[in-house]
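Trainee:
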Amino acid sequence: MSGPVDPVTELRAAVISCVEDLRGGSLEGGGVPSLERPPKAEFGDYSTNAAMLLAPVLDRSPREIAEELASKLSETLSDRIERIEIAGPGFLNLFMSDAWYRGTAAELAAAGEDLGRPPQGVGGTLLIEFVSANPTGPLTAAAGRHASYGDAVARLLEFTGTRAIREYYMNDMGAQMERFGLSIAARMKGEGVPEDGYEGDYVVEIAERLVADGMGADDPNALSLAGEEIIVSGIKDTLSGLGVEFDHWSSERALHDAGSLQRALDDLAEHGHIYEKEGATWLRSTEFGDDKDRVLLRSGGEPTYFLGDVAYHRDKLERYPEATLFDVLGADHHGYVSRIKASVEALGFGDDRLEISIMQLVNVVEGGEKAQMSKRKGEFVTLESLIEDIGPDATRFFMLQRSNDTTVDLDLDLARQTSSDNPVYYVQYAHARISSILRKAAAEGAAAPDAGGFEGGVDPSERQLIKRIAELPAEVLEAAERRAPHRICAYAMATAADFHAFYRDCQVVGAEGDGVEASRLALCGVTRQTLATTLGLLGISAPERM
RNA sequence: GCCCCCGUAGCUCAGUGGACAGAGCGACUGCCUUCUAAGCAGUGGGUCGCAGGUUCGAAUCCUGCCGGGGGCGCCA
C-alpha cells in the first residue's frame, strides 16, 4: 500500500463533519474551521476555532457549542483521541492518543516516495518564465535568485501534479546588442569602450576569442551575434551548474524573424487597441488599467522592447492554450507589470492567464560590506563565481530562504562555513545522520522497520516529529499555491531540528522494548524521506554521508 | 508628484484574523567512554515604525503619517 496521505486533513475532515452535524447543513459562507498546532504544548496537539465560528451562526455562546462539539468529536475519533479540553474564548484543544500517533506514523511510512504529496493536487499547466537575463554578459548573483526561485516553484508544482514548463527569454535585439557589438569591436582594436558600452573584462576575453577565430573588427553586428553565442553558452553552463535546466529558450530576434511581432501588432489592431500618434504606433494600455499608453513601434518604425515582449506572451499563450503564464521579474521591472498585463488582455486573453512575481534585490555581503553591482560597468559578482565559492546547494538555499518580496543579504562568510551555523548543512546533516543510523541498523541486523507494530508509549520527541511530518502535505500545497518556496526552507529546518531532538532522546538501534526499535527505524525512514523530498523540492542534494 | 515592496529581538528574517509574538546568527552557560558534537539543552533579549479604525479577537484587514529600497523613456 502506498500513495499520497494527509493525516492532518483527515483530522480536519472529522472536525468539519462534526460542525456540519451541529449546524444541520453544509458549511457555506462562514469560515472553515482552523486546525492548527497551538502555540503551547499545554494546549494539546491540535486546536480548532470551530466553536467560535459557529457561535454567531447558531446565536449561542462559544463555550456551550464547544461542549457539544467536544463530545461529538470524542465519539467520532474514539480511540484516536485522548481528551479534548475547552479553553480561552472557546478553543477546542485536542490531545491525540498514542494509538493515533502509531497509526499516523504507519500511514506516513506506507506513503513511500509519495510522502508529502498532497492527495488533492493543484493540476493544470504553468509556464514559468524566469532569469531571462540579457545575453550581453554573464549572469550576476541576482540571477541566481531568479533561477533558484523559478526552478523551485516548478519543482513544487510538479510535485503537486501540475505540468511546469521552464522558459528563458533572450532580448537579443535592439540598441543594447548594438552597444555590445561595438564594445567587442572596440576591445579588438584595443580601444576604450564607447559611451554606454560594456566595460567588463569578459568583453576583452570575448574579443580575444573572436580574433583567434579569425573575425575582424569591421562588422559590429556580426560581432554582437558571435558574442551572444559565447555568452549564452556560458549562461547555460552556469545554470546547469546550479541544476537548472530550461525546456525552451525563446529569442526576441527569432520571434521577429518569424513575423511574430507583426502578427501581434495585427492582432492588437484587429481588436482595436492601437493608434498612431506623432509618427509612432501606440497600445491603448490605459484601457486595461495601465498608467499611460505605450509605444509599440517608434516613429522610425523599429519595434520597441515592449512589442517583442507582447509578441512573446502571445506566442506562449498560443503554444500552450491550457497554461497559465507565470513571469518572474526583477524589482527593477515592476513598472512593467501593468503594461504587460494590459497587453495580454488587449490580445483578448483573460487576465487570469498571467501571473507575475517580483523578486526583490540581492546584496552579496562580505566582511559586513555590500559588493557593488553594475552590469554595464562590469562590477558585479557573477553567479558562476558565487557557485564556485559556496557551492550550488548553499547558493540555492540562501537564495530561497527569503520570501520573494524581501531583499536577500547573502552573507558569504556564513555561506562558506561548513558548520552548524550554516542552515544548509544543518538540514543536510540531519539527512546524513539518519542515513548513518540506517546503515548501522542494517549492519547489525536490526529489526525490520515497522511503524505501528508495538503497544508502548510514544516519546514526546517522537510525537513532535510525527506531527511535523504529518504537516508536510499542507505545507507543500501552501508553498505551491503561494509560489513560496521559502516556506519549504523553514519547514526543512524545523524538521531537522525535531529530528535532532528525537536523536537525543531516543535510542534507535538496540532500543529496549517490544517493537520499539522497529518503530523508531520506521520513523527514521520517514524523516529521511521528508528531508530528501523537501531538499529535492529546493533543488538541493541530500547527502548520505558528511 | 505617482506606483510597487519593506519596517517584528543587537543582526538577518518567518509569521496574510486567533490564546502570554517565533527561528537562525551573535552573546552568556552547560553536554562528546553512548546510533555522525556539521549536534543538543539552558539564559538573556521585542511599545510587531507611529496614530486612528473594523472585529469577541489585529503583527496580520482599512485609512493617514514617518522611515528605507525600487520603479515611473519612442532604453532594455
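Quick note: the first sequence uses the numbering used here, first residue 815, plus one each step.
Every residue, glycine too, gets a C-beta built ideally from N, C-alpha and C.
The structure presented is a predicted model; accordingly, all values stated were derived computationally and were not measured.
1) Classify residue 1035 as helix, strand or coil using the three-state DSSP reduction.
2) At what residue ranges does the segment 852-921 contain a whole run of the alpha helix (DSSP H), taking only runs of 4 or more?
3) Is the separation between the beta-carbon of residue 973 and that of residue 1001 shorter than 8 angstroms?
4) Quick check: residue 1185 and residue 1195, are their CB atoms within less than 8 angstroms of each other?
5) Alpha carbon to alpha carbon, what distance is there between residue 1060 and residue 868?
6) What does the Cβ neighbour count give for residue 1299, buried or exposed, with the cut at 16 atoms within 10 Å?
7) Per DSSP, what kind of secondary structure is residue 930 in: helix, strand or coil?
8) Tell me the DSSP secondary structure of residue 849 in three-state form.
9) In chain order, which beta strand (DSSP E) runs of at least 3 residues are fully inside the segment 1202-1284?
10) Check each candidate in 1242, 1297 and 1285 and name the one with the smallest Cα separation from residue 1360.
11) With residue 1108 as the anchor, note down where its beta strand (DSSP E) starts and where it stops.
12) With distances taken between CB atoms, is the gap from residue 1263 to residue 1325 smaller than 8 angstroms?
13) Have a look at the DSSP bridge pairing and note the partners of residue 1287.
14) How far does the alpha helix (DSSP H) with residue 1307 in it reach, from first residue to last?
15) Within 10 Å of its beta-carbon, does residue 1220 have 16 or more other beta-carbons around it, so buried, or fewer, so exposed?
16) Would you call the CB atoms of residue 1204 and residue 1244 closer than 8 angstroms?
17) Does the distance from the CB of residue 1122 to the CB of residue 1159 come in under 8 angstroms?
18) Is the Cβ-Cβ distance between residue 1266 and residue 975 less than 8 angstroms?
19) Does DSSP put residue 958 in a helix, in a strand, or in coil?
20) Distance, Cα to Cα, residue 996 vs residue 1068?
21) To the nearest angstrom, report how far apart residue 1045 and residue 1131 are at their CA atoms.
22) Measuring alpha carbon to alpha carbon, tell me which of 849, 865 and 866 ends up nearest residue 858.
23) Are at least three pairs of beta-carbons, each pair with one atom in the segment 1032-1040 and one in the segment 977-997, less than 8 angstroms apart?
24) Just checking, does the segment 904-922 make contact with the segment 1105-1119 on the three C-beta pairs under 8 angstroms criterion?
25) Report yes or no: do the segment 961-969 and the segment 1005-1014 share at least 3 C-beta pairs separated by less than 8 angstroms?
26) Just to confirm the assignment: which complete alpha helix (DSSP H) runs, minimum length 4, are found wholly within the segment 1142-1179?
27) Quick one: residues in its chain with C-beta nearer than 7 angstroms to the C-beta of residue 958, no 5 flanking neighbours on either side, listed in chain order?
28) Going by C-alpha to C-alpha distance, which of 1292, 1111 and 1349 sits closest to residue 1083?
29) Does the segment 1093-1105 come into contact with the segment 1046-1055, if we say contact requires no fewer than three beta-carbon pairs (one atom in each stretch) closer than 8 angstroms?
30) To the nearest angstrom, how far is the alpha carbon of residue 818 from that of residue 1287?
31) In this structure, what does DSSP give as the bridge partners for residue 1184?
32) Locate the alpha helix (DSSP H) running through residue 1019, then write down its first and last residues.
Mentor: Looking at the atomic coordinates:
1) helix
2) 864-872 and 876-891
3) no
4) yes
5) 49 angstroms
6) buried
7) coil
8) coil
9) 1222-1225
10) 1242
11) 1108-1111
12) no
13) According to DSSP, residue 1287 bridges with nothing at all.
14) 1300-1319
15) exposed
16) no
17) no
18) no
19) helix
20) 22 angstroms
21) 28 angstroms
22) 849
23) yes
24) no
25) no
26) 1151-1160
27) 1056, 1197, 1200, 1209 and 1213
28) 1111
29) no
30) 9 angstroms
31) 1179
32) 1015-1026
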